[in-house]
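**Q** In terms of this note's numbering, the sequence shown opens at residue 2 and continues consecutively.
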Amino acid sequence: MLIDELSKTAVDQHVQFSCRVRYEDSDRPAAAVKLFLARADADLAVLNPDTFLAGCMAIARRHGERRIRLDDPVCPVLQRNLVTVLHWHHEWYGAQSPIIAIEGPVRAHSLSRCQPPTAAVFLSGGVDSLYTLTSNRERVPRGNPASIDYGIIVNGYDIKDDGYFDRSEAATTAVASTLGVRAMAVRSSLRALEPDDDFWSYEFHGLALAAVGFMFVPAVRFCYISASEFALGTPWGTSPEVDAFMSSAEIRMIHEGAELNRLEKLKHLERYQVALDNVRVCFRPPAQGLNCGKCEKCVRTRIGLLANGATSAAFPADEVLPSDIASITFTEDYHVLMYECAIPGLRAVGRDDLIAAIAAKAAEYSRWRAWKDEKDWKGRLRRADRTVLNGALTRAYRRFR
């Protein structure tokens, strides 16, 4: 993959930072990567080749490129660190994540002009990022270089609908403003290069966040990436193992908040009602408001609020019902863990109906997982058919059907 034609241009009320991406070992057409920042925030940003190296590396690997090369000089620390990220992903995901070459010149000078150094956090408006922001306010004195002064809100990653993004940005900005943080919105086209959701979740989204962070070298020295509810050591697009290696000599990426699970973070946010009232977690953008209240992540968050005895104006006012749990799907072990963590709190508020629904959903997931992992009798039969009979039983069954 070749990355060139880096440019910074004014477009209406925004400043556009862009590059051209060309593939060498894939027949994919050349593409432009564009990031837009409001002119009012442009003094905090710079055209940084590190942005495009970090943002495009996983894409190059995904599509069989043997190398990624920029002719514009990148930070030598980042170039070396990204090799480590490649090795982590290869260790986790094997042949689907090959180790590719990173080529091109490195710069001898710093792009950083921040005096004094300060910090930013990626603000999705979700529980994890709001916990990172509020806990930073409690633990880090203002004026300390690690104290958060900026919140970076990205359009084009988990939100693709402009109307929904506008509502989410307004809600997140309200929380940031209350806590004395300047919110900055960036529109990025990076995810459009490869929209596959699993790839985004497991390999791409951490690098895509870091790419945006590198724009803010003039203002930011530390950039917080909020931990999700995944356990430490679990392969994921952001993790304590890899996030530190998404750093350059000028900006240090910090994986923050892995010490608490989602329920515990919601408990912490009870001290910040403005955060609870503006939290945005939804996977299914509603026509109005912030959260549909019915998708898996909405139900999970509402169960957590209920278990903690907390309220939030960001969700529909109707109560959570067993049918809401019955209608969602558990697809990972952590889904079971997160819901089961809420059981003591649900018992305390007398919601045995929800506890029973969680137990039923966990049992359903356990049966599905046994089938998927070929550990039940059907799975063992399927494995024997595949390995011993070369699929003869499956072909006969299909003919019978």
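Beta carbons are placed, not taken as given, at the ideal position from N, Cα and C, and that holds for glycine.
1) So, Val128 versus Ile153, is the Cβ gap smaller than 9 Å?
2) With a Cβ-Cβ cutoff of 9 Å, do Ile101 and Arg68 count as a contact?
3) Taking the alpha-carbon of Tyr225 as reference, which of Pro219, Thr235, Pro236, Ser240 has the nearest alpha-carbon?
4) For the candidate residues Phe200, Val243, Thr235, whose alpha-carbon lies nearest to that of Ala211?
5) What are the partner residues of Glu365, as DSSP defines its beta bridges?
6) Apart from the five residues just before and just after Glu104, which ones in its own chain have a Cβ nearer than 6 Å to its Cβ?
7) State buried or exposed for Thr119, treating a residue as buried only when at least 16 other CB atoms are found within 10 Å of its CB.
8) Can you tell which of Tyr273, Leu270, Met247 has the C-alpha that lies nearest to the C-alpha of Phe215?
9) Cα-Cα, which of Ala318, Ile359, Ala314, Lys9 is closest to Asp278?
10) Quick one: what's got a C-beta closer than 6 Å to Tyr158's C-beta in the same chain, skipping five residues either side?
11) Any idea if Gln80 is buried or exposed, counting beta-carbon neighbours within 10 angstroms, 16 or more meaning buried?
12) Does any heavy atom of the ligand MN sit closer than 8 Å to the C-beta of Glu66?
13) Nearest by alpha-carbon distance to Leu264: which of Arg222, Gln289, Asn309 is it?
14) Once the 5 residues before and after Thr133 are set aside, which same chain residues still bring their CB inside 6 Å of it?
15) Going by C-alpha distance, which of Gln289, Lys268, Ala393, Ser324 is nearest Thr302?
16) Determine the direct distance from the alpha carbon of Asn145 to that of Val182, and round the result to whole angstroms.
17) If you count every other CB in all the chains shown that lies within 10 Å of the CB of Val12, and 16 or more means buried, which is it?
18) Determine the direct distance from the alpha carbon of Asp353 to that of Tyr151, and round the result to whole angstroms.
**A** If we stick to the structure as given:
1) What you label residue 128 is simply residue 127 of the sequence shown in a count that begins at 1. What you label residue 153 is simply residue 152 of the sequence shown in a count that begins at 1. No.
2) Along the sequence shown, one-based indexing puts residue 101 at 100. Along the sequence shown, one-based indexing puts residue 68 at 67. Result yes, Cβ atoms of Ile101 and Arg68 sit closer than 9 Å.
3) Counted from its first residue, the sequence shown places residue 225 at position 224. Looking at the Cα atoms, Ser240 is the closest of the given residues.
4) Within the sequence shown, the letter at position 210 stands for residue 211. Comparing Cα positions, the closest option is Val243.
5) By one-based count along the sequence shown, residue 365 stands at place 364. BP columns for Glu365 are empty, so no partner.
6) To locate residue 104, count along the sequence shown from 1; it is residue 103. Taken in chain order, the residues that qualify are Arg68, Arg70.
7) Locating residue 119 in the sequence shown gives position 118, counting from the first residue. Answer is buried; the Cβ neighbour count reaches 16.
8) Along the sequence shown, one-based indexing puts residue 215 at 214. Closest by alpha carbon: Met247.
9) As a working mapping, residue 278 is identified with position 277 in the sequence shown. Here the closest residue by C-alpha is Ala314.
10) Along the sequence shown, read from residue 1 onward, the residue named residue 158 stands at position 157. The residues are Arg192.
11) In the sequence shown, counting from the first residue as 1, residue 80 sits at position 79. Buried is the call here.
12) You won't find the ligand MN in this model; it holds no ligand whatsoever.
13) The residue you call residue 264 lines up with position 263 of the sequence shown. Nearest option by C-alpha distance: Asn309.
14) On the sequence shown, position 132 is the one that residue 133 refers to. Only Val122, Tyr225, Ser227, Glu257, Gly258 meet the Cβ criterion.
15) Residue numbering aside, residue 302 sits at position 301 when the sequence shown is read from its first letter. When each option's Cα is compared against that of Thr302, the closest is Lys268.
16) For the purposes of this step, residue 182 is identified with residue 181 of the sequence shown, where counting begins at 1. For the purposes of this step, residue 145 is identified with residue 144 of the sequence shown, where counting begins at 1. Straight-line Cα distance between these residues: approximately 14 Å.
17) Within the sequence shown, the letter at position 11 stands for residue 12. That one is exposed.
18) Here residue 151 corresponds to residue number 150 of the sequence shown, with the count starting at 1. Here residue 353 corresponds to residue number 352 of the sequence shown, with the count starting at 1. Roughly 43 Å separates the two Cα atoms.
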